[in-house]
Structure formats: C-alpha cells, structure tokens
Amino acid sequence: AQSVSQHNHHVILSEAASLELGCNYSYGGTVNLFWYVQYPGQHLQLLLKYFSGDPLVKGIKGFEAEFIKSKFSFNLRKPSVQWSDTAEYFCAVNSPYNFNKFYFGSGTKLNVKP
Amino acid sequence: GAGVSQSPRYKVAKRGQDVALRCDPISGHVSLFWYQQALGQGPEFLTYFQNEAQLDKSGLPSDRFFAERPEGSVSTLKIQRTQQEDSAVYLCASSSTGSGANVLTFGAGSRLTVL
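Chains A and B are the protein sequences, given in the same order.
Numbered per this note's numbering, the first sequence spans residues 1405 to 1518.
Numbered per this note's numbering, the second sequence spans residues 70 to 184.
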C-alpha cells in the first residue's frame, strides 16, 4: 500500500515568512499528487494538483508545489504567508491505475502569527 | 446542490448503538467516496462508489460497517454496534469523473462520538 509522510506536524510562522511543507510518498510508479487545505471551521478543499507535465505546479492563493520524482516528494511552498493561511494542510496521492484510492498524509497545522 | 452535504454534522452514540450517516453529493457526480478521519490523522479511505456500484470496499474496518448508494446519488454509511474506536469524523467526497483525473470535493463531515 502507498503511504504519505508529512514531516512537519505543526509549523508556526510570522506573517511574510516563507513556507515550505514537506511531503514524501512511497509509491514507485506513476502518481497523481494533491495538496488539500482545511481552514478553521471549514471542510477540506483542493489547493493544487499534479497529474503530469511541468513539475512545478501553481495553485490558489499564491501556493505552489514541486514534484521531484527522484526524491518521491511534492513539497508545498509559499514565498510570503499571511495570517489567513492559518489552516491544516494535507498532502495526498493516488495512482492512475487505482484512482479511487487516495492516500493522505497526517497533516501539517500551520499557525501564522499576525 | 452547490456542494457535498452531510448529515448529521454531529452524532453522539452509546456503545452498541447503530448509526447512519448520510451524504448528498454534488448533482451529477459519478464517483462517491467515504473516508474516516481520526483525531490528529489524515483521512483514510473506506469505500468508493461509481454510480450505484460499490467498486471498492477494502477500507471498511469491519463487517459492522456498511455503505450503500442505491440510486447512484445519495449514499448512507451505516455502522452497527458502534464501538469507542469508531469515534472519528466521517468524510464524504464526490467527483465528476470515474477516471484517473479524479479531484475530490469534500463535505463538512459527520463527527461521531461513541461513549
């Protein structure tokens, strides 16, 4: 079975700091990769996705992620965080050959201090 | 509807009771998923429907868990003889496709607490 590791469980940053959240997955074949975000009191929503093509993916609200196949990684980045980015972030992966099964990491709670 | 709707939002059950959790996906979405999210963890796959067909139920933790989607729209997740370890948020998600380009749209979840 696939697994997804998010190394940072809780990150605290000040506004305008840069953000990088790590995500590694175990599956060796072709994968689809996702970052989902859950703002306080809200449901999970898609931040960005990678299916194929340019490994640098841009999402909503200035977020981006880079797929590095050799490192089995899909790290999330944002150059300058805002207080409104306070949320929990989940990395997820599925395989095009078993697309109905998404594997999620345990999540990273980001707290941005104003 | 505009989004995925789940009910009830909160459910408290005594150990041994049966519970039923409802999911109303986005209209026309082919695929429907149930996930279980324990405290401090990411969502874990339970089961998947394509229209009314349950194509994968490998994530259901025991035979006390049962899901159905009889008409290919609304789905119900039923848990019989609830146990304390069943306490979790149960998430429903739907997708417009049944292909590798699945993008999940989640509901707000049903938080089950078993006393």
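Note that the Cβ used here is the ideal one computed from N, Cα and C, for glycine as well.
What you are looking at is a predicted structure, and each value in this text was computed from that prediction instead of being measured.
field: Backbone secondary structure at Q123/B - three-state DSSP
entry: Within the second sequence, residue 123/B is the residue found at index 54, counting from 1. The answer is strand: DSSP assigns Q123/B an E or B state.
task: Step through the CB atoms of chain B and report whether any lies within less than 8 Å of the CB of F1476/A.
output: Taking the first sequence and counting its residues from 1, one reaches residue 1476/A at position 72. No, no contact with chain B.
Beta-carbon neighbours of L1450/A, restricted to chain B and to distances below 7 Å: Walking along the first sequence from the start, residue 1450/A turns up at place 46. The answer, in chain order, is V172.
query: Hey, does S1510/A have any beta-carbon neighbour from chain B nearer than 8 Å?
result: Here residue 1510/A refers to the residue found at position 106 of the first sequence. Yes, S1510/A counts as interfacial toward chain B.
task: Just the chain B side, please: which residues come within less than 9 Å of F1506/A by C-beta, in chain order?
output: Your numbering for residue 1506/A matches position 102 in the first sequence. Per Cβ cutoff of 9 Å: F102, Y104, P112, F114, A162, N171 and L173.
- request: Provide the residue(s) that pair with Y1454/A in DSSP beta bridges, ordered along the chain.
  value: The sequence position of residue 1454/A within the first sequence is 50, counting from 1. Beta-bridge pairing links Y1454/A to L1437/A.
message: Quick check on E154/B: does DSSP put it in helix, strand or coil?
response: Numbered from its first residue, the second sequence carries residue 154/B at position 85. Residue state, collapsed to three classes: helix.
- request: Tell me, to the nearest whole angstrom, how far the beta carbon of G1463/A is from that of L1452/A; I am working on the premise that it is less than 8 Å.
  value: On the first sequence, residue 1463/A is found 59 positions in, with the first residue counted as 1. On the first sequence, residue 1452/A is found 48 positions in, with the first residue counted as 1. The C-beta distance from G1463/A to L1452/A rounds to 3 Å, short enough to fall under 8 Å.
query: At least one CB of chain A closer than 8 Å to the CB of D125/B: is that the case?
result: By one-based count along the second sequence, residue 125/B stands at place 56. Output row for D125/B: interface = yes.
message: Can you check whether the C-beta of G141/B is within less than 8 Å of a C-beta belonging to chain A?
response: The residue labelled residue 141/B in the question sits at position 72 within the second sequence. No, its Cβ sits nowhere closer than 8 Å to a Cβ of chain A.
- request: Compute the distance between the beta-carbons of F1467/A and Y1429/A, then report whether it is under 8 Å.
  value: As a working mapping, residue 1467/A is identified with position 63 in the first sequence. As a working mapping, residue 1429/A is identified with position 25 in the first sequence. Cβ distance not < 8 Å, so F1467/A and Y1429/A don't count as in contact.
message: Here's the rule I'm using: 16 or more other beta-carbon atoms within 10 Å means buried, otherwise exposed. How should I148/B be labelled?
response: The sequence position of residue 148/B within the second sequence is 79, counting from 1. By the beta-carbon neighbour count (other beta carbons within 10 angstroms, threshold 16), I148/B is buried.
message: Is the separation between the beta-carbon of P1459/A and that of F1471/A shorter than 8 Å?
response: By one-based count along the first sequence, residue 1459/A stands at place 55. By one-based count along the first sequence, residue 1471/A stands at place 67. Note that the C-beta distance between P1459/A and F1471/A is below 8 Å.
task: State the beta-bridge partners of E113/B as determined by DSSP.
output: Position 44 of the second sequence holds residue 113/B. Partner(s): Q105/B.
Within chain B, partners of H1447/A - CB distance below 7 Å: Residue numbering aside, residue 1447/A sits at position 43 when the first sequence is read from its first letter. Chain B residues near H1447/A: F175, G176, A177 and G178.
Proximity test, Cβ basis, 8 Å: N1498/A and chain B: As a working note, residue 1498/A is residue 94 in the first sequence. Closer than 8 Å to some Cβ of chain B, the Cβ of N1498/A qualifies, so yes.
message: Please report the distance separating the alpha-carbon of A1496/A from that of G85/B.
response: Start at 1 with the first residue of the first sequence, and residue 1496/A comes out as number 92. Start at 1 with the first residue of the second sequence, and residue 85/B comes out as number 16. Rounded to whole angstroms, A1496/A to G85/B spans 33 Å at the Cα level.
Where I1464/A falls: helix, strand or coil (DSSP): Looking up residue 1464/A in the first sequence gives position 60. It is helical.
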